[in-house]
Structure formats: structure tokens, C-alpha cells
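Below is one structure; the comments refer to it alone.
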Amino acid sequence: MIHLETDVAIIGAGGAGMAAAIAASEAGSRSILLDRSLIGRGGATVMAQMTVAAAVGEQTEDHWTHHLKDTLAAGRGLCDERLARLLCEEGVAAIRKLQEWKVGWAAEDGHLKQVQAPGHDRPRCVYVDFLNTGPAVSKTLRTQVIRHDLIRRVGDLYALDIVLRDGAAVGVLAVHLHTGEPVLVAAPSVVIATGGLTRLYRRNSASLNMGGDGYALALRAGASLIDMEFVQFFPIGHLAPRLIGMDPIMWDPFRYKLGGRLLNGNREEFTQKYGVADGGRYQITRDQATYAITKEVEAGRGSPAGGAYLSFEHVPEAELRKAFGPIIDKLAKNGIDLTKTAIEVAPIAHYHMGGVRVGTDMETEVANLYCAGEAVGGANGANRLSGNAITEALAFGFVAGRNAAVRAQAAGAVGDIAADAAEGLAMLQAKGRPDAPNSAALIAALQDLMQDYVGPFRTQEKLTHALAALRRMRGELGDTPFGTGAAYDAERLDWYDLRTMLTVAEAVTMAAIARTESRGAHQREDFPGQDAEWEVNQVIRLAGTGELTLERRPVIREPELEAAS
Amino acid sequence: MSQTARLTVQRGAPGQAHAERYDVPFEPGQSVLDGLRWIRAHRDPSLAFRFSCINANACKECMMLLDGKVIYACTERLTDGEMRIEPLGNKALIRDLVTEIAPPDERL
Ligand SMILES: Cc1cc2nc3c(=O)[nH]c(=O)nc-3n(C[C@H](O)[C@H](O)[C@H](O)COP(=O)(O)OP(=O)(O)OC[C@H]3O[C@@H](n4cnc5c(N)ncnc54)[C@H](O)[C@@H]3O)c2cc1C
Ligand code: FES
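One line per chain: the protein sequences are A and B, in this order. Residues 40 to 604, numbered by this note's numbering, are exactly what the first sequence covers, in order. Residues 40 to 147, numbered by this note's numbering, are exactly what the second sequence covers, in order.
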């Protein structure tokens, strides 16, 4: 067993985790920034391609209160208004900080270029060309992180549990993937920055590491989750032909620039049948497009791979070249010539609005346990504005890191935590099951189940089927890890992932069953329309019995904002 | 139309390396990473290899050797025929196709 010791233990080195580490260091605290993958490479931040929203007011006059108004409107009455405000207000400083660190936001005529994404009342979204926003943000933060001597970076370390003493966090139990050895990171404060859960779905924009680890870590530590039913689907994720070397959400910016026609399997325009004539001009919202495509497929009019066609065939080649830049050549390498072929698209799971409940200091209900980034729930309510997620990761990361540092300095060293971690350590040392089923196939089955039964359009019947199946799978998984726990034991890793994914999938499904209305990203075909009675949040906890419990909570409003509007 | 890649994959811990063969059905356009993931779900879940981003070619974790040449498994396509897959030769072997690729100051 390996013992490490620090002031702030930060789980996950995406945008939020790296921002937290920098802020902790600036506040004078040491940190260990750990990740199950490589530092700055494992999650969504490095994969983001589009834009980042903040009221920096460079393209046109703007103020964070305008951004907040749009964020609250998109959240359909469910945003924790304090967190939404923090996102919009602190987001401005966060984007400026990145600018200072030379991230390379696109600029023209002496000001940053800002584009208007759907749902924003004005051009507000900065970006790095072409499709390079996430890699640039990641690289810039990593360069800063490396400059801080107080930050220790450790990759290939998989966090398994928050270690508690008297109900407060005192560190992290992790496993070193390269040796299989248990690692204890003793720390008087801990930050969960593990990102979202979209790997739960078959069609997703997720990396391997986005199975919702932070939600399960928080639940097992005694913290609660909020808004778990709200999974955002991105309507035109790439489906076919197989496109490699590019992210499946890549088509959106080109639709902004060029339109692009959505066609069904018979090559007819269809969105007008669902109330929105698109006319190739990208007027349809994300929810409407997701609905229209799903319904065409259900009616047997899908494209061959089970989605819709997206066609740029009517756009002159020179215009395509201007809009797509070097991407045209990458597409050519994939055998795709947009002047001659329509590609196939379908809704894919892309972001999760829900997550760990925190206050404005990013502390969870468990003392000394903080959370930041997509892992946090509440700021975006029932739906997220495009561009808000990276802002959220950065702004919340800085806040969490600063506060976790202050707490660590007040609390002081925690000493040896081996006794506190005894239960988790015992599980790690388990011998393994000889009759284990194929772990990779189990994960695929879970993803199929979530896609087909807890997807963008839900019914009581489908959801209850899913819940029963998830509980059955939990039984099948059992309490004894698969594999032997040797160096890079892929089956054991899957078992840990399944333990997390099943818990988190159950949280999503339970909350979706209870919410008998349609709001934002949660659409119930058996309860169409928003119901004023349901302007409440749902909160989930893990009871002592090992079962999840659900309760309703009034939405947290910001009285000051109410008065101002 | 489905084709078949005949993969010879190096397996095992350092000092116990050996080759195993897998026939992998695929649709043209699919990546070597798709093929390795297919093997895990359909033949042997213990096969170990590194990857994170799957599509974006952003994480750069999936480097390995194909017929002796360094590739990203996620951007290299499966082909109808023999393919020899090995771990990077210039990095310490952990197991199967996994090698120590993290920068030295980011290791435990
Ligand atoms: C393809 C794609 C494109 C996107 N485009 C945009 C966009 O244009 N604009 C926008 O605003 N948002 C976008 N988003 C959303 C946005 O990128 C994310 O919400 C945001 O980057 C999340 O940052 P994060 O730091 O919270 O999490 P991540 O960046 O996901 O980082 C989490 C880290 O935690 C690690 N981790 C997870 N579990 C564990 C564990 N158990 N132990 C140790 N480490 C762990 C992961 O390996 C990962 O490195 C996009 C998302 C995707 C997937
Ligand atoms: S899987 Fe990320 S680069 Fe290949």
C-alpha cells in the first residue's frame, strides 16, 4: 500500500480539477491532482470543440446579468439561482484569466470574437479556431499547473472512495492502475472534479472516463445529488459512416455557419411535420430536433444506420471550404465528400445538468468535501445553454480550489487514514470471482438499456422496465470484484466502473420515473407539457441500507435577482 | 459488407509476452480501437489497452505498434487481412498493450 499526503486532494484533472489546483496553490496550499487517465487528457474538457459563454462584452455590450437571465430561462425554472449567478459572474473573470494565459481566443479588429449560440440573447461565446477550444483550454491550464511547485500531478490513479472520519472527508482511496496497488491520499480537504456521466448511453460523446464516478463517490460519502433526471442529448451527433479522428458532435458549428438540411431515410425534409420548418437554416432547437429525428426513426423513416441525413450537398464547394477549413481534408481522409454525400446523424448523450449538491463555496453536505465542474448539479437546471459547461468547469474549479485550500489550512493534517479506509481496502484486496461474466459485455448491455429505455423520450413503462433491469444487473455484479487486481487488470477496472455506472444509472432512472411532467431535457411521452406543480428539484441520497432515496426540494432562488428583474 | 481483420495481439506481463490471434469482423472505416474493443466484449475481457477519447484523437493514449509502426489505434483503420498489434517498444511494458506513457513527473 502506498501512502501520500497533501493539503487538498483533487480527483479529476479536467478543466475544473486543474483550475482548482491552480487556485489552491495561489492560496498557499499543496495539492495532489490525480486522474485515472493522463493529466488534462481524460475527460470532456480536452474534447470540447466549440464555444465558451461569458459576458466579456467584446463583440457587443454585455453584462453577466444578461447571461444569467438566459441561463435561468434555459433551466426552465429549476436552476439553483445562486450557482447560476456564480457561473455567469465568475465566468467572466475565468475567461479573462485564460486570455491572460494566452489560450488564443479568436480575435478580430482588436477585440475577441464572440458568436451567438442558440438561447443566448447576443453574441457571447468565445472560441479557439478551428474546433480547437477544448484542447487549447486544456493545454493552457496544464502549462499553468506545471508552473506551480505546490501541485503534484499523478496520472493512472483511479479514485474509488472518499475516506471519511467522523463524517468528514479526510482523503481518497485510490488504486494505482499500473500496479493494482491501493493508494491512500490523506488530505484535510478533497475536491471531486470527475466530470459527467454520458458514458451511461450507447450513443454518446463521452470518453472512457465519463461514467459518473464523482456522483457515486459523493453518494457513498453521504452527500446528495440533484436534478439527476436531466441528461442533455445533442441532436445531430455523427452516426455514419464511421468517422475517425473527429468528435461526433463536430457538425454543429457548421450548421451555425451554413445551415445544412436534415432529411429522413426517404431523403425528404421532415422537421416541418413536428412544427418547425427548418429550411436548411438551423432554426430548430436541440430538443425539437431530437424529437423530430427520434420520431422519424420510430416511424420507420430513419436513415440506414438509424438516424437522419444531414446534407450540405446544396452548398457550393468554395463556401464549404471557407467554413470547414482544414476539416474538409480530414473528412476526405474518411472518404466523405460533402458535395456528394449526406452523412447520418442521431441524438447522442452529451452533457449532464444534474450532479452533486453544493453551496456557493462548492462544499457538499459532507464536511471538507468539495465538488466542481460538470460533476456539480443545479447551476443549469433542466437544460444547459450551449457554451456554459466550460465556463462552469473553470469558474467552479477556481472557487472550489480556493475554498478547499482555506479549509485545509484551518483543519490541519489528518494523519494516517488507513483505519478510516478499512472497508474500501478490504474490497480492493478481494480475490475475485472465478465465474465472472464478460465485464465489457455487461457495460455494453447497460449502455443499450439506458439508450433504449432512459433516453431522451421516456414513459412510465420503459423507465420501470429499466429500473428493474438495473437492479437485476446490480445483483449480477455482486460485491466481489472481477479479475485478480494485478497490474492493469481490465476486468477489475470494468467492475469498478460498473459499480459506479449502475448506481448512477439507477439515480437517473428513479428521478425520471418520479417526475411526471416534461421539462427541458426530461421529456415524458406519457406526461407531455410542463406542470407548475413540478417546479421543484429532486434530491437523491444513498441510505444506510444501500438503497437510493428520493425527495423533493424547493428551488433555491436568489431574492436579490427577483427584485432586480 | 462485413470483412475480417486477422489480429495477432501481444498479450501478457513483462517477461511472459506471447501472441494471441483473433478474427475480428468489421465494417470498412472502423478503427483498430473498435476492433480491440470488440475483442473485449466478444472474446476476452481481460485484454488490456489504453484509450480515453475514442473518436476525437485528443487524449493520445492509444499509441501502439501495428506491424512494427507506431499508430494511434483510434485513427488507424482495420484492414481485411493480417495485422500484428504490439505495445510500444520504447516504453516500459505494464501488461498486454499497455505501456508506461505518462511523463515521468506525472507518475506515482
Ligand atoms: C465532445 C464534447 C464537446 C463539448 N463541447 C463543449 C463546448 O464547445 N462548450 C462547452 O461549454 N462545453 C462543451 N462540452 C462540455 C464540457 O466540455 C464539459 O462539461 C467540461 O469540460 C467538464 O469539465 P470537468 O473538468 O468538469 O470534467 P472533465 O473535463 O470531463 O474532466 C474530468 C476528469 O476526471 C477524471 N476522472 C473521472 N473519474 C475519475 C476517478 N474515479 N478517478 C480519477 N479521475 C477520474 C477523468 O479522467 C477526467 O480527466 C463538451 C463535451 C464533450 C464531451
Ligand atoms: S483514444 Fe484518444 S487519441 Fe486515441
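The beta-carbon is built from N, C-alpha and C at its ideal position, and this holds for glycine as well. These numbers were taken from a predicted model, which means no experiment stands behind them.
Looking at the DSSP output, N243(A) shares a beta bridge with A388(A).
When A371(A), R531(A) and R121(A) are compared, the shortest CA-CA separation from H215(A) is found for R531(A). Proximity of the segment 253-268 of chain A to the segment 577-587 of chain A meets the contact definition, three or more beta-carbon pairs being nearer than 8 Å. With a cutoff of 8 Å on beta-carbon distance, T233(A) and G253(A) are scored as near each other. If you draw a 10 Å sphere on the C-beta of I78(B), you find 16 or more other C-beta atoms in it, and that means buried. Within the segment 71-136 of chain B, the complete beta strand (DSSP E) runs of at least 3 residues fall at 102-105, 108-111, 120-125 and 132-134. Around Y240(A), the same chain offers V270, I387, A388, Q486, M489, Q490 and G494 as residues with beta carbons nearer than 8 Å, after the five sequence neighbours per side are excluded. The beta carbon of G74(B) sits closer than 7 Å to the beta carbons of A44, L46, V63, F65 and L117 from its chain, once the five residues preceding and following it are set aside; these are given in chain order.
Between the alpha carbons of M249(A) and D195(A) lies a gap of roughly 15 Å. Pairing R306(A) with Y348(A) gives a Cβ-Cβ distance under 8 Å. The residue among L132(B), K130(B) and I110(B) with its C-alpha nearest the C-alpha of I124(B) is I110(B). Per DSSP, reduced to three states, the secondary structure at Y254(A) is helical. Residues of chain B with a Cβ closer than 8 Å to the Cβ of D195(A) are, in chain order, A141, R146 and L147.
A straight-line Cα-Cα distance of about 15 Å links E120(A) and L424(A). Scanning R281(A), I595(A), E572(A) and R75(A) for the CA closest to the CA of I375(A) turns up R281(A). When CB distances to chain A are screened at a threshold of 9 Å, the residues of the segment 115-128 of chain B falling below it are E115 and R116, in chain order. In this structure, A175(A) keeps its C-beta atom at 8 Å or more from the C-beta atom of L256(A). Under DSSP, E66(B) forms no beta bridge with any residue. Taking every residue with its beta carbon within less than 7 Å of a heavy atom belonging to ligand 2 gives, in chain order, L72(B), F90(B), S91(B), C92(B), I93(B), A95(B), N96(B), A97(B), C98(B), K99(B), E100(B), C101(B), Y111(B), A112(B), C113(B) and T114(B). Secondary structure at Q49(B): strand, using DSSP grouped into helix, strand and coil. Short of 6 Å from the beta carbon of L180(A), and not among the five residues preceding or following it, lie these beta carbons of its own chain, in chain order: M57. F521, G522, A525, A526, Y527, D528, A529, E530, L532 and D533: these are the residues of the segment 516-540 of chain A whose beta carbon lies less than 9 Å from some beta carbon of chain B, given in chain order.
A residue is called buried once 16 or more other Cβ atoms fall within 10 Å of its Cβ, and Q55(B), having fewer, is exposed.
Following the DSSP letters along the chain, one finds D200(A) inside the beta strand (DSSP E) bounded by residues L196 to R204. Under the three-state reduction of DSSP output, S425(A) falls in the coil class, being neither helix nor strand.
At least one heavy atom of ligand 1 lies closer than 7 Å to the C-beta of E413(A). Residue pairing by DSSP places N576(A) opposite R592(A) in a beta bridge. DSSP, read as helix, strand or coil, puts E335(A) in helix.
For N419(A), the number of other beta carbons within 10 angstroms of its own is at least 16, and it is reported as buried.
Around the beta carbon of G412(A), a 10 Å sphere encloses 16 or more other beta carbons of the protein chains shown; the residue is thus reported as buried. In the structure shown, the three-state DSSP call for F496(A) is strand. Bounds of the beta strand (DSSP E) holding R300(A) are R300 to L302. Relative to ligand 1, S244(A) has its C-beta within less than 7 Å of a heavy atom. Residue contact check for A95(B) against chain A: a CB pair falls below 8 Å.
Taking C-alpha positions only, R134(B) is separated from A83(A) by approximately 27 Å. Spatial neighbours of I552(A) in its own chain (CB-CB distance under 6 Å, excluding positions within 5 residues in sequence) are listed in chain order as L502.
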